[in-house]
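Number of protein chains: 2
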Amino acid sequence: MNELDEIKSCGSAFPPEPAGEKARPAFGYTLHAQDGRARLGTVHTPRGDIRTPAFMPVGTVATVKALYPEQVRQAGADIILANTYHLMLRPGAERVARLGGLHSFMRWDGPILTDSGGFQVMSLSKIRKITEAGAEFQSHIDGSRHMLSPERSIEIQCLLGADIQMQFDECIELPAERREVERAMELSLRWAERSKASFERHSKAGQALFGIVQGGTDAELRARSARELVAMDLPGYAVGGLAVGEGHDVMLATLEGVLPHLPESKPRYLMGVGTPEDLIESVRRGIDMFDCVMPTRNGRHGLAFTWGGRVNLRNAKHAEDLSPLDPESACPAARDYSRAYLHHLMRSGEYLGAMLLSWVNTWFYQELMAAMRLAIAEGRFEAWAAATKERIGRKG
Amino acid sequence: MNELDEIKSCGSAFPPEPAGEKARPAFGYTLHAQDGRARLGTVHTPRGDIRTPAFMPVGTVATVKALYPEQVRQAGADIILANTYHLMLRPGAERVARLGGLHSFMRWDGPILTDSGGFQVMSLSKIRKITEAGAEFQSHIDGSRHMLSPERSIEIQCLLGADIQMQFDECIELPAERREVERAMELSLRWAERSKASFERHSKAGQALFGIVQGGTDAELRARSARELVAMDLPGYAVGGLAVGEGHDVMLATLEGVLPHLPESKPRYLMGVGTPEDLIESVRRGIDMFDCVMPTRNGRHGLAFTWGGRVNLRNAKHAEDLSPLDPESACPAARDYSRAYLHHLMRSGEYLGAMLLSWVNTWFYQELMAAMRLAIAEGRFEAWAAATKERIGRKG
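Chains as they are written, first to last, in numbering that gives the first Met the number 0: chain A, 0 to 395; chain B, 0 to 395.
Following this line, the structure appears as structure tokens:
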């Protein structure tokens, strides 16, 4: 697409920030433009700016799977996410700190966001016990026993050196009784207070702690969670506990209920989401940041996102197709290799298949965000969103 | 090592070849210099020159595992090897031909050597029956029945478009009765004649067929095999059926018996070999070409070859070692990442670990060949070999 050349220089269309450390806060958010509820902005961190709406590739155990760090940066990512739960178990937070922190360990010099570990304790660990104090659990790797509390989660995130850290929260499985959703939401609010206190003790200048709105799909609980977190005056807010099986429409309805309660002056992050259509509809409602394993996980399974629609490279129809995967993409893997070759690599279970398709999908997600930023800047987000959803929704 | 800068321009030290297509045969070998029995040469092919001694990275199913083709080239490889057995089963030789041949399929524009499939029929297929006609076998992938004969093997290699093709041979397991070794060697000679006849029908100008010397570890059988093959006047000769468990010293003794029977004017290829020490000792005896899965397979298992010795990255002693894997290597993976990070990646079973160590090892093998070429050119191979074996034999 021709607009991509423009997108590359999109940031320069905005008035330059005043120079000097005092003129710009070490962490902050600038809202450049709005188109409907869609927001174009910049999150400022000491390690560099994050152009929003932003998609954060997931580097679970200190690597974005099957990609060199240079490829993640070249795809257009300003920030990546890493997982507290995985890194505390292996190689261990204290070890990463002794080695100089996560950035130099994994050779990513841009900002890093870490989650709190709460979600993985629920989804991955073998045995867990949630109390007011925190979560006791057994490692999914070796069965060893561990404790995560708000204090320990923040301590770990500071040891890793994360630029954006997340409060410790309890993520429950949906559907659940309202009473249970309310209990977990209120516990998460108390944990937010404790996370904030711990963050104030351990963090460095320029690092930021985000609160996480919980409350399932209940509008009243979500609103209460948002109001209480906003009262804590945190530098950013996330919406958690969605994309866990409730469905696209329920997720969007929940978002619509939450977002009016969050301040316009701070970034809003929708955790663990999602498909390209999810991203478009969430940006349309005012979300600024996303993370999801979908581009890399789907890539490893042979599913590609392209500007012409989704493509399952394992499908036999590609076996003798000499056309490239996506001539509209700027990713070398989408242009230089034939579908026939990619099909062969996936059928053969070869590393290079996972490497190429993870690259294609990571690049596609960044191009999608860049296209959204451009559409917002030019005040044509609605038309762009409708046209884009139509073309990328096809089966290629 | 400082000599590496020089090695990069090593080829230019030799007198330029006369220009024009007629002046240089489409396929040929030039012997530039000898140091003892070690030979410095060039194998000429229409797809480019191969600097010898040469190591061919193995691209079994049309990919050198866990590497982009650009990385293989940048490491210094002039030629790669692909496997007839694997490619005939998936994606199929006729399919590769319809797609334009193996070179464009896998994006490798340099020369490619294919083996005949004989070795894999023995080592991989479930059921096999060897007759005068050829080998019947069942696919290790789906159990389907196939037949490989000298005629079909060459037809497949021509369909793939291989620049250097190998005669079909029977590889038996060692140790074996002399009678059995002799029977298989004589069958392989008859198959060489049939391979040659098939090659003359199917091949294109500039492609070359190599014969394979068999005969186990029996000097008399090996000599007879070599003499009969040389009488067929093939453009190159391989030594097959070694490095199958007979041990380093027996392998070298067998080589010493064979090589005097092969013409000096043609390239000599030792199949499926081997460790860095194997390569040095074989070059010392007059071998020009090698292939082996060791650099990539060891890389996937966490074993690295470095100029300071072998390193097992899975070893706990590397867990907090911030030093690079090999500061003497020019490979980015050996210089830019810490041993601690590589250790973490291998322990976590991450793609990037296999990617980085396959890259390091592939690069090391190419640097080793370049260093050998330079040492031969400068007439100091013996001293270089002794010093190099000492340093790379360490446990790092």
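The beta-carbon is built from N, C-alpha and C at its ideal position, and this holds for glycine as well. The structure presented is a predicted model; accordingly, all values stated were derived computationally and were not measured.
Using beta carbons (cut-off 7 Å, strictly below), is residue i in contact with chain A?
i	result
Y84 of chain B	no
E199 of chain B	no
L98 of chain B	yes
L3 of chain B	A caution first: L3 of chain B carries a pLDDT of 40, below 50, which makes its placement in the model unreliable, though a value can still be read off. So, not an interface residue.
Y340 of chain B	yes
Residue i lies in the alpha helix (DSSP H); which residues open and close that run?
i	result
G214 of chain B	G214 of chain B -> no alpha helix (DSSP H), and no H or E assigned at all.
N297 of chain B	M293 to R299
D335 of chain B	P331 to D335
R89 of chain B	Run containing R89 of chain B: none; DSSP gives neither H nor E here.
L356 of chain A	Y350 to A376
R267 of chain B	Per DSSP, R267 of chain B belongs to no alpha helix (DSSP H); it is in the beta strand (DSSP E), R267 to L269.
F198 of chain B	R177 to H201
A81 of chain B	Segment I79 to A81 is the beta strand (DSSP E) holding A81 of chain B; no alpha helix (DSSP H) there.
Could you pull the start and end residues of the beta strand (DSSP E) that residue i belongs to?
i	result
Q70 of chain B	First-last for Q70 of chain B: P68 to Q73, but that is the alpha helix (DSSP H), not the beta strand (DSSP E).
Q137 of chain A	A134 to Q137
V310 of chain B	G308 to N311
H43 of chain B	A37 to T44
L112 of chain A	I111 to T113
L101 of chain A	Here L101 of chain A belongs to no beta strand (DSSP E); instead the alpha helix (DSSP H) covers L101 to M105.
G47 of chain A	G47 to T51
F167 of chain B	Neither: F167 of chain B is in no beta strand (DSSP E) and is coded neither H nor E.
In terms of alpha-carbon separation, which member of the options lies closest to residue i?
i	options	result
L101 of chain A	A:A374, A:A81 and A:Q119	A:A81
A401 of chain B	B:Y28, B:E327, B:N297 and B:Y340	A question about residue 401 of chain B goes unanswered here, because the residues of chain B that appear run from 0 up to 395.
L233 of chain A	A:S194, A:V243 and A:H201	A:S194
L66 of chain B	A:G378, A:K388, A:Y350 and A:M371	A:Y350
S143 of chain A	A:F118, A:G348, A:M87 and A:E185	A:M87
Q33 of chain B	B:L356, B:S264, B:G301 and B:L186	B:S264
L123 of chain B	B:C170, B:Q365 and B:P45	B:C170
N311 of chain A	A:G40, A:V257 and A:R346	A:R346
A204 of chain A	A:A218, A:A161, A:A237 and A:R178	A:A161
C157 of chain A	A:H342, A:G215 and A:T83	A:T83
V282 of chain A	A:F380, A:D248 and A:L344	A:F380
F54 of chain A	A:S337, A:Y336, A:L356 and A:I279	A:I279
T44 of chain B	B:G116, B:A374, B:K128 and B:D108	B:D108
R189 of chain A	A:Q166, A:A329 and A:S328	A:Q166
K64 of chain B	A:L373, A:A386, A:L258 and A:G352	A:G352
G58 of chain B	B:R178, B:P52, B:P110 and B:R372	B:P110
T387 of chain A	A:A370, A:P266, A:T113 and A:I375	A:A370
K394 of chain A	A:G117, A:F304 and A:I153	A:F304
Could you confirm whether any beta carbon from chain B is found closer than 7 Å to the beta carbon of residue i?
i	result
P326 of chain A	no
E349 of chain A	yes
K21 of chain A	For K21 of chain A, the predicted model reports a pLDDT of 48, less than 50, meaning its position is unreliable and no value from the coordinates is stated.
Y236 of chain A	no
P90 of chain A	yes
H139 of chain A	no
S102 of chain A	According to the sequence displayed, residue 102 of chain A carries His and not Ser. H102 of chain A does not count as touching chain B.
H343 of chain A	yes
Give the DSSP-derived three-state secondary structure of residue i in the structure shown.
i	result
F26 of chain A	coil
K21 of chain B	Note that K21 of chain B has pLDDT 48, beneath the 50 cutoff, so the model's placement of it is unreliable and the number below is only indicative. Looking at K21 of chain B - three-state DSSP - the assignment turns out to be coil, as it is neither helix nor strand.
T253 of chain B	helix
I391 of chain B	helix
M146 of chain A	strand
F304 of chain A	strand
V282 of chain B	helix
A237 of chain A	strand
R127 of chain B	strand
M288 of chain A	strand
Using a Cβ-Cβ cut-off of 7 Å, state whether residue i counts as contacting chain E.
i	result
H342 of chain B	Although the question refers to chain E, the structure presented lacks it and instead comprises the protein chains A and B.
Within 8 Å of chain A by C-beta, residues of the region 56 to 81 of chain B in sequence order: Those would be V60, A61, T62, K64, A65, L66 and Y67, in chain order.
Where the region 174 to 189 of chain B meets chain A: residues whose CB sits under 8 Å from a CB there: Correct list: empty, as no residue qualifies.
Chain-ordered residues of the region 247 to 275 of chain B with a beta carbon less than 7 Å from chain A: Here the close residues number zero.
Residues of the region 296 to 309 of chain A whose Cβ lies closer than 9 Å to any Cβ of chain B, in chain order: Of all residues in the region 296 to 309 of chain A, R299 have a Cβ within less than 9 Å of some Cβ in chain B.
Chain B contacts made by the region 100 to 127 of chain A, where a contact means CB separation under 9 Å: Taking 9 Å as the Cβ-Cβ cut-off against chain B, the residues of the region 100 to 127 of chain A that qualify are S103, F104, M105 and R106.
The region 313 to 325 of chain B: positions lying closer than 8 Å to chain A by Cβ: So the close ones are A318, E319 and L321.
Positions along the region 349 to 363 of chain B whose CB lies within less than 9 Å of some CB in chain A: So the close ones are E349, Y350, L351, G352, A353, M354, L355 and S357.
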